[in-house]
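If you're matching positions, the sequence shown starts at 19 in our numbering and goes up one per residue.
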Amino acid sequence: MKKKLVATLLSAAMVTTMFVGCGTSGEVADKDAAGSTEASADGEDAAGDTAAKPDGNLVGVAMPTKDLQRWNQDGTNMKEQLEKAGYEVDLQYANNDIATQVSQVETMISNGCNLLVIASIDGESLGTPLSQAKEAGIPVISYDRLLMNSDAVSYYATFDNYMVGTKQGEAIVEALDLENADGPFNLEIFTGDPGDNNARFFYGGAMDVLQPYIDDGKLVVQSGQTTFEEVATANWSTETAQNRMDTIISGNYSGGTKLDAVLCSNDSTALGVANALAASYTGEYPFITGQDCDVANVKNLITGKQSMDIFKDTRDLATAVVGMVDSIMKGEEAEVNDTESYDNGTGVIPTYLCEPKVCTADNYKELLLDSGYYTEDDLK
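Structure representation (C-alpha cells):
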C-alpha cells in the first residue's frame, strides 16, 4: 500500500538525516518548563537486565511538547490508562527541545523505568539514550513518530499515516470533482516538520492521490512549491505556516486569482493558512484539509473556515499501547497488524496501526461529541 513516492521520500530522508542528524495549535496549553514532569516514580536499577520480561512496573512516557493540543491528550490518555492497568507512570514533556528530551529519557533509564514509550521530537535525535536502554534491557515502544536508525526499538504504535494523506487527497479530489471537471484548479501545499517521519507519510499519501492531476494540468500550484522540502513546516508551527501563506497570497493570489484548495497535513498548519486567508485573501474561500481535530480547527470546521479534518482518537492509540505494554511486561509478544511498512533504517519495526477517520461539519457531532471526546461547551 505504501506507494513508490513514500518509499523514495523515506530513503532520501534517512540519507539526509544520517548526515545532519509526528500539530502552535488552536487551544495552546501553557508552556511546559524544560524537564517538567507530570508524574514520576523511582524504580530499581534496570542496568544489566536483559531478560525478556521486565522486572517492575514503572513505565516512562516521553512526549515532545505541551504546545500542541494533541500531545496533551496523548499524554493524559496514556497516563490514565496505564495507571488504571496497574502501572506507575513517569510522564514528561520536553518543550520541543531535543536536548531536554534526551536528558529526560536518560533520567527515566537511570531512575529504573522498566519500559519506555517515546514520542520523539526528532526521530534521529535519541541515539545515545536508546543505546543505553538497549544495554539495560529496557524495551522501547516508538509512539506515533518512528524512532529512526536504532535497533533498540521493539515496537511502533501509530495511526495509519499514509492513509491520513490519502484521505486528505481524496477529499480534495471529491470537493473539486477532479474526475469530471475540466479545471484547472489552483492548489497550495503545506506539510509538517522535516524531522517528523510521519510528515513524509502524510505528504506521500496525499501526493500519490493528487500528483496525477498536477501532472495533467488539472491542478496547478501557482507558487511552484511542490516538493517535500519546499512545503515542509518546521515544528508544525502555525506562525511559520501563516507567514509562508501570506507570502504565497501576495505573490500569486492578490490580483483576483482564485485559490481552490490548500492541502494542510495537520491542524496547526491549517490554522496558520486560515489566519493568512483572513488577513489578506479576498477571493472565494478555498477547500482546506487538516488533521487532529484540535478545538480551534473544529470550530473553524463548524463555521466553514476549514473543510475537513482527520480524527485520530488518541484514546484508541493509548488503549493499543497499554495492551502492548501489558504483553511486554508479561514477557509476551505484543499485538501488531503491520510487519512490512515501517523500516527505521535498522529493519522493519513491528507496528500496530489505528485507523484515522474523516471528520466534517456533517459528522463531527457523532465522532467528537457522541463519543465523549469533546463536550458541546468545548466547541463554543
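Cβ coordinates follow ideal geometry from the N, Cα and C atoms, glycine included.
The segment 155 to 164 and the segment 254 to 266 do not touch, with fewer than three beta-carbon pairs separated by less than 8 Å. Taken atom to atom, the span from the alpha-carbon of Leu237 to that of Lys97 is near 44 Å. Under a 10 Å Cβ-count criterion, Lys348 is classified as exposed, with fewer than 16 other Cβ atoms of the shown protein chains found around its own Cβ.
For Ala338, the closest of Leu281, Tyr174, Gly390, Asn75 by C-alpha to C-alpha distance is Tyr174. In this structure, the beta-carbon distance from Ala292 to Lys323 falls below 8 Å. Counting of Cβ neighbours within 10 angstroms places Ala189 among the buried residues, the total reaching 16 or more.
The DSSP-derived three-state label of Thr378 is coil. Here DSSP, grouped into helix, strand and coil, assigns Ala154 to coil. Rounded to whole angstroms, the gap between the alpha carbons of Val191 and Gln150 is 47 Å. In terms of CA proximity to Asn315, Ala379 leads the group Pro82, Leu100, Ala379. Between Leu205 and Ala279, the beta carbon gap of about 5 Å places them in contact (Cβ cut-off 8 Å). By the 16-neighbour rule on beta-carbons within 10 angstroms, Glu142 is buried. In the structure shown, the three-state DSSP call for Leu86 is coil. Runs of the beta strand (DSSP E) spanning 3 or more residues and lying entirely within the segment 135 to 212 occur at 158 to 161, 173 to 177, 203 to 208, in chain order. A distance of 8 Å or more separates the beta carbons of Ser168 and Ile136. In the pairwise beta carbon analysis, the segment 329 to 337 is classified as touching the segment 85 to 95: at least three pairs are separated by under 8 Å. Looking at Val366, Val158, Ser325, the one whose alpha-carbon comes closest to that of Lys185 is Ser325.
The Cβ atoms of Pro157 and Asn114 lie no closer than 8 Å to each other. For Thr369, the enclosing beta strand (DSSP E) starts and ends at 369 to 372. Val340: member of the alpha helix (DSSP H) spanning 332 to 347, first to last residue.
Note that the C-beta distance between Asp285 and Asp327 is below 8 Å. DSSP, read as helix, strand or coil, puts Ala80 in strand. Here Tyr392 carries a coil assignment [DSSP, helix/strand/coil]. In the assembly as shown, Ser268 is an exposed residue. Its beta-carbon has fewer than 16 other beta-carbons within 10 Å. Taking 8 Å as the upper bound for CB-CB distance, Tyr105 and Val77 are in contact here, some 5 Å apart. Here the alpha carbons of Gln229 and Asn129 stand approximately 49 Å from one another. Glu124: member of the alpha helix (DSSP H) spanning 116 to 128, first to last residue. In this structure, Leu371 sits away from Asp388, with a CB-CB distance that is not shorter than 8 Å.
When C-alpha distances from Asp234 are compared across Tyr271, Trp254, Ala199, Asp211, the shortest belongs to Ala199.
The Cβ neighbour count for Ile139, taken over all protein chains shown within 10 Å, is at least 16; the residue is labelled buried.
Only residues of its own chain outside the window of five on either side were considered, and among them Asn95, Met96, Gln99 have a CB closer than 6 Å to the CB of Ala336, listed in chain order.
Taking C-beta separations shorter than 8 Å and ignoring five residues to either side along the sequence, the partners of Val366 in its chain run Thr357, Glu358, Ser359, Tyr360, following chain order. Take the alpha-carbon of Lys84 and the one of Val227: they are about 33 Å apart.
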